[in-house]
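In the working numbering, the protein residues as written are 13 to 246. Where a beta carbon is used, it is the ideal one built from N, C-alpha and C, also for glycine. For reference, the structure is listed below as C-alpha cells.
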Ligand code: SAM
C-alpha cells in the first residue's frame, strides 16, 4: 500500500525525521486498514498512498518536531477522526500515552480495531469534548491536548484547554489561512497563553502549529454547553 521503505524513509528524512523499518511496517498496516475500512465507513478523503504518507503520517509526526513533548507524556487527541495526529505519534514514540476522543462512535470503533491490529495501547472515548472535559476523571488530567482540523482557534480552545493540567500544553495543527489571534480572548479566559506559532511547509501546502501553555486552571463555567458554544465563540 505505502510506497516502499526506502522511498518513505527518504521523505521522512527530508523533514528531519528518522523512519525505522519497524515503524514503517506499522504505518503500512495502518494505511491498508484505513483504506479498506474507508470503503464502507467514511473516515478520510485522503486515500492515495503518497498522500497518506505526507498528509497523514509525516504531518502528524511533525508535531513532535515542532513541540517539546517529552517521553511518557499523556496526550488527548480531540476530534481524532481516523486517529490523526495521535496514532502516528504513538507508533513513532511508543512511550506516549494516548487517549482518542471523537463524537462519532463509528470512528472510535475503527480506532479500537486499528490499535488492536497495531498492538498499541490507547484510551478510547466516544463523546463530545465539551461534555467529556467536565468529568473529573478527564478534567485537567493530561500533559497535552491536541487537535488537527477540528474547529477555529476560539472554539477549539474551549474544547481542548479544559483537559490540560496547569503546566501542560494545547497543540493546534492548522491550515495557513486562519488568524490565530482571533482565539486569543478564548485562550486567556480558559487559562492558556499562546506561547509559540510555527509555520511549516508540507510538500506544496503551508501549515502551522500553535502551542498554547496552560498557565492557570480553567474556570469551572467552561466549557459551556454545545448550543452556547455554537451560538457564540468566546
Ligand atoms: N483530527 C482528524 C484529522 O486531522 O484527520 C479528524 C479531523 S475531522 C475534519 C474532525 C473530527 O472531529 C471528526 O471526526 C468529528 O467527529 C470530530 N469532532 C467534531 N466536533 C467534536 C467535538 N465537539 N467533540 C469531539 N469530537 C468532535
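In or out: residue 173 buried (at least 16 other Cβ within 10 Å) or exposed?
Its Cβ being crowded by 16 or more others within 10 Å, residue 173 is buried.
Work out the CA separation of residue 126 and residue 210 for me, nearest whole Å.
Each residue's alpha carbon lies about 31 Å from the other.
Can you give me the Cβ contacts of residue 150 inside the same chain, cut-off strictly under 7 Å, excluding the 5 residues immediately before and after it?
Correct list, in chain order: 144 and 175.
What residue from 191, 13 and 152 has the CA that sits closest to residue 178's CA?
Residue 152 is the option with its Cα nearest to residue 178.
Any idea what DSSP makes of residue 211, helix, strand or coil?
It is a strand residue.
Kindly indicate the opening and closing residues of the beta strand (DSSP E) around residue 176.
Per DSSP, residue 176 belongs to the beta strand (DSSP E) from 176-186.
Cα separation between residue 48 and residue 121?
Those two C-alpha atoms are separated by around 14 Å.
What are the boundary residues of the alpha helix (DSSP H) that includes residue 46?
Looking at the DSSP string, the run of the alpha helix (DSSP H) that includes residue 46 is 33-49.
When we look at the beta-carbon of residue 19 and count the other beta-carbons within 10 Å, is it buried (16 or more) or exposed?
When all chains shown are included, residue 19 counts as exposed.
Whose beta carbon lies closer than 5 Å to any heavy atom of the ligand SAM, going through the chain in order?
After applying the 5 Å Cβ criterion, the set is 91, 93, 96, 114, 115, 116, 140, 141, 160, 161 and 162.
So does the stretch 158-167 actually touch the stretch 81-99, counting three or more Cβ pairs closer than 8 Å?
A contact exists between the stretch 158-167 and the stretch 81-99.
Look at the alpha carbon of residue 96 and the alpha carbon of residue 191, and state the distance between them as a whole number of angstroms.
Looking at the two C-alpha atoms, the distance is approximately 22 Å.
Let's see if you can read the secondary structure: which residues bound the alpha helix (DSSP H) around residue 25?
Note, residue 25: alpha helix (DSSP H), 17-26.
What are the uninterrupted segments assigned as alpha helix (DSSP H) that are 4 or more residues long and contained completely in the stretch 88-164, given in chain order?
98-104, 117-130 and 141-144, all fully within the stretch 88-164.
Give every residue of the same chain whose Cβ lies closer than 7 Å to the Cβ of residue 17, excluding the five residues on either side of it in the sequence, and list them in chain order.
33 and 36.
Return the bridge partner residues of residue 226 from the DSSP annotation.
In the DSSP output, where bridge partners are listed per residue, residue 226 has 204.
Under 8 Å between the Cβ atoms of residue 14 and residue 65?
Contact: yes.
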